[in-house]
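For the sequence shown, our numbering gives the first residue as 1, with consecutive numbering after it. Have a look at the structure below, then the notes.
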Amino acid sequence: MQTSIEQLADRYPHLAHAFASIPQSELHLKRLQDLNASWQHMLLSGASRSYTEVVVSEERPLVAPSHTFDIIYAGGGLNLLHAAVMTRRYGFRVLVFDRFTVGAVHREWNISREELQELLASGLLTTDELDSVIQREYEDGVVRFHAGNIQVAPAELHLKDVLNVAIDAEKLTALCVRKIQEHRPRNGASNLILHNTTFEHCSVQPDRNVTVDVSDKQGDSHSYQARLLIDGMGSTSPIACQLNCGRPYSLVCPTVGTVARGYKQGNAANEIDPASGEVLVSTEDSRCGRQLIWEAFPGKGDQVAIYLFYYAESGSHVDLLELFDNFFALLPDYKDTSSVEILKPVYGFIPAGYNITLPWQPETKVLAYDRVLSLGDAAAFQSPLTFCGFGSYVRNLQRITTLLAQALRTNCLSATELNQIRASEAVPAVARAFSKFMIAKPEQVEPAWQVNETQNVFCHVLQQLGPRVTNDFFKDRVSWLDYTRLVLNTPGYYPGIYALALKTLSPTEIVGWITAWLQLGRQELSYQFYRLLRPWLYSPLDKLLQVALMRARPSLALRGTIWRETMAQIARSRGDIPPARQPGHVEHIVGSWFGKLWPMG
């Protein structure tokens, strides 16, 4: 049952007072309550609920050609970036639907200029289009933790190229919607965008297609078919829950905030500096077992996006309405709000901290059925440290779209092959241990200042290692050697880290962290091997062998491309990019000959 703003006033007085002046406040309140209810339902039911949204090997009749697509996207947020690339660059016909409005976003997006180059490299945007969606670029980014009661010297970080570009999220998604609607992928057939459409069920025929059942705003049912379903239904996705027995995430970051204008500008702590973003800032010790953390990012004109969030285990009780009430109560202590006009609220559950595969266990994070793949928040592969889902999505956009295009063309769409395409990144896996130190515990378990002290320690060690390592660490691209230096330097400055780690991490988590560290080392060795092979990898002969293998052994060819694209992504993140090379005339001739000998799919 939905509750009006007036009915919330007794329990959430600060929320009710602030929402009374926000445009479309009732709509946002409904979204908040729906999101809260979905998350609580997922928590309470957990493994006890029988998820049946996906049924494998269920025969379904063919639907009309107008209802048949190459890819169906459930969820119309970040999925739009992926869908636009797949249709415009690779020519696939796509359907995107959302239970609310396709393209509506409820969090602002920040990223670095360097990471934005992936939007150009993937073919999604032109340079002019990219410039048009950038609201502001900062010179500095601050990481600062409260130093009131800590036993070590405070350490403040200044980041020069981390989350320093504010993106107009609504403009970017609107641009993607237009690109999808205007493109005609094949035979004049059009792509399709469906608003107010709710996912109900899907049936997978592994050797043929997937049938997706949805209901529209009036409650009428419709069925669509595709070769692949992309699950982008966010942190409460029923598909992600079914894939992982009702427990798809181990960490969550409840986040609320506003986009507003009228903040006092200046360099004081309670003012907004238009040239600086506040990446992670705490202003007090933990309260009620929660360490509240602020972010502040100036945007277009005098608009500013301010967030309040905390780190929690996904099984703990979280309530966005309660957090919003705290946000409005505490905001005047953080920034001068005397002349502020709220434009819109921002909110969400950002999941991360997936389980790490241990040597004696099977894969513990499953992302796919045959012809069904989870991406975005549903996959929860963003960093458990910065929880930046947009950054993770953009970093992987070119790699994932390239691999899925090959998988579709060669019909390599089994659960195993799709899981390999979206395998976990090694750096976020090792960052999970750091995020555990940001989860506050009740005061009878540890002091209220413990999180702030630990984070000041880590900031001090990163300061000593220098700006390059610090930036790489916050961008999820730190090398094995630099990460190891960080780990080894911490006890020298703060010997108590050993005892704290034993209290913070369970034995399984410690083994998982060591496993992730070894996997990061293996990835580094693989990258050095890739660098040695790269002159040959981009030779004409190698191109011809790829074409032959793709036609004779498509699954094996896909595994090779996964390795290449993963290594190429690391190379781009390090600025170690080989010169681009287009296939020559001879390669096209021989490729055509291979095509006649071994036709694809």
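Just so it is clear, CB atoms sit at the ideal spot from N, CA and C, and this is done for glycine as well.
Looking only at C-alpha atoms, which of Pro351, Phe327 and Gly148 sits nearest to Arg247? Of the candidates Pro351, Phe327 and Gly148, the one whose C-alpha sits nearest the C-alpha of Arg247 is Pro351.
CA-to-CA distance, Asn196 to Phe99, given in whole angstroms: It is Arg, not Phe, that sits at residue 99 in the sequence shown. Their backbone Cα atoms lie some 4 angstroms apart in a straight line.
Where does the unbroken beta strand (DSSP E) through Arg136 begin, and where does it stop? Taken as a continuous stretch (DSSP letters only), the beta strand (DSSP E) holding Arg136 covers Ile134 to Glu137.
Here's the rule: buried if 16 or more other CB atoms are within 10 angstroms of the residue's CB, otherwise exposed. What is Arg88? By the 16-neighbour rule on beta-carbons within 10 angstroms, Arg88 is buried.
Quick check: is the beta carbon of Lys543 nearer than 8 angstroms to any beta carbon in chain D? Included in the structure is just one protein chain, with no chain D present.
Backbone CA spacing between Met42 and His317 [nearest angstrom]: Straight through space, the alpha carbons of His317 and Met42 are spaced by roughly 11 angstroms.
Exposed or buried, what is Asp128 when buried is set at 16 or more other beta-carbons lying within 10 Å of its beta-carbon? It counts as exposed.
What are the start and end residues of the alpha helix (DSSP H) that includes Tyr483? Start and end: Trp480 to Tyr493.
Which two residues bound the contiguous alpha helix (DSSP H) that contains Tyr393? Gly389 to Thr410 is the span of the alpha helix (DSSP H), which, as asked, contains Tyr393.
Are there 16 or more other CB atoms within 10 angstroms of the CB of Phe529, so buried, or fewer, so exposed? Here Phe529 is exposed: its Cβ has fewer than 16 other Cβ atoms, across all protein chains shown, within 10 Å.
Could you pull out every unbroken beta strand (DSSP E) segment of at least 3 residues lying fully inside the segment 150 to 206, listed in chain order? The qualifying runs are 157 to 159, 165 to 167, 192 to 194 and 198 to 205.
Using 8 angstroms as the cut-off, can you tell me whether the segment 558 to 571 makes contact with the segment 391 to 406, which would need three or more C-beta pairs spanning the two stretches below that distance? A contact exists between the segment 558 to 571 and the segment 391 to 406.
Test item: CB-CB of Gly232 and Gly77 under 8 angstroms: Yes, the Cβ-Cβ distance between Gly232 and Gly77 is below 8 angstroms.
State whether the segment 490 to 505 contacts the segment 455 to 471, with contact taken as three or more CB pairs (one from each stretch) at a distance under 8 angstroms. Enough Cβ pairs lie closer than 8 angstroms, so yes.
Beta-carbon contacts of Val279 that lie in its chain and below 7 angstroms, excluding the five residues immediately before and after: Leaving aside the five residues that flank Val279 on each side, the residues in its chain whose CB is nearer than 7 angstroms to its CB run, in chain order, Gly141, Val142, Val143, Leu159, Val162, Leu163 and Glu295.
Would you tell me roughly how many angstroms separate the C-alpha atoms of Tyr369 and His201, rounded to the nearest one? Looking at the two C-alpha atoms, the distance is approximately 14 angstroms.
Quick one: grab the DSSP three-state call for His624. Since the first residue shown for the chain is 1 and the last is 601, residue 624 is missing from the structure and cannot be characterised.
Own chain partners of Val590 with C-beta closer than 7 angstroms, once the 5 adjacent residues on each side are dropped: No answer about Val590 holds up, because its pLDDT of 44 lies below 50 and its placement is not dependable.
Take Phe199 as the anchor and find which of Pro467, Ile239 and Tyr263 has the nearest alpha-carbon. Comparing Cα positions, the closest option is Ile239.
Look at the alpha carbon of Leu27 and the alpha carbon of Leu518, and state the distance between them as a whole number of angstroms. Rounded to whole angstroms, Leu27 and Leu518 show a C-alpha spacing of 47 angstroms.
Closer than 8 angstroms is the cut-off here; do at least three beta carbon pairs connect the segment 240 to 259 with the segment 305 to 317? Under the Cβ criterion (8 angstroms, minimum of three pairs), the segment 240 to 259 counts as touching the segment 305 to 317.
Taking 8 angstroms as the threshold (C-beta atoms), are Val366 and Val617 in contact? Limits of the chain in this structure are 1 at one end and 601 at the other, which puts residue 617 out of reach.
DSSP beta-bridge partners of Trp536: When DSSP reads this structure, Trp536 sits in no beta bridge, so it has no partner.
Nearest to Ala166 by CA position, among Gln444, Pro13, Ile306 and Phe474, is which residue? Looking at the Cα atoms, Ile306 is the closest of the given residues.
Taking 7 angstroms as the cut-off, is the CB of Lys441 close to at least one heavy atom of the ligand FMN? By its list of ligands, the structure shown contains no ligand whatsoever, and the ligand FMN lies outside what it can speak to.
Touching by the beta-carbon criterion (3+ pairs, under 8 angstroms), the segment 259 to 271 and the segment 335 to 350: Contact between the segment 259 to 271 and the segment 335 to 350 is present, because at least three Cβ pairs lie under 8 angstroms.
On the three-state DSSP scale, how would you describe Arg553? In this structure, Arg553 counts as coil in the three-state DSSP scheme.
Buried or exposed: Asn244, going by 16 or more other Cβ atoms within 10 Å of its Cβ? By the neighbour-count rule (16 or more Cβ atoms within 10 Å), Asn244 is buried.
Near Pro579, which residues of its chain fall below 6 angstroms by C-beta distance, leaving aside the five closest residues on each side in sequence? The predicted position of Pro579 is uncertain, since its pLDDT is 45 and thus under 50; a value taken from the coordinates is nonetheless stated next. Here the set comprises nothing.
Other residues of its chain near Leu120: CB distance less than 7 angstroms, five sequence neighbours each side excluded: Excluding residues up to 5 positions away in sequence, Thr127 and Leu130 lie with their Cβ nearer than 7 angstroms to the Cβ of Leu120 in the same chain.
So what does DSSP say about Gly496, is it helix, strand or coil? In the three-state reduction of the DSSP assignment, Gly496 falls in the coil class.
Nearest-angstrom Cβ-Cβ length linking Leu520 and Trp480, presumed shorter than 8 angstroms: Between Trp480 and Leu520 the Cβ distance is about 5 angstroms, and since that is below 8 angstroms, they are a contact.
Let's test the definition: count the other Cβ atoms within 10 Å of the Cβ of Pro362 and tell me whether it reaches 16, buried, or not, exposed. Per-residue confidence for Pro362 stands at a pLDDT of 48, beneath the threshold of 50, marking its modelled position as unreliable; the derived number appears in the next sentence. The Cβ neighbour count for Pro362, taken over all protein chains shown within 10 Å, is under 16; the residue is labelled exposed.
Entirely within the segment 273 to 302 and at least 4 residues each: give me those alpha helix (DSSP H) ranges in chain order. Those alpha helix (DSSP H) runs which fall completely within the segment 273 to 302 and span 4+ residues do not exist here.
Selected residue, minimal CA-CA separation from Tyr224, among Ala9, Val94 and Asp207: The residue from Ala9, Val94 and Asp207 with its alpha-carbon nearest to that of Tyr224 is Val94.
Quick one: grab the DSSP three-state call for Asp216. In this structure, Asp216 counts as coil in the three-state DSSP scheme.
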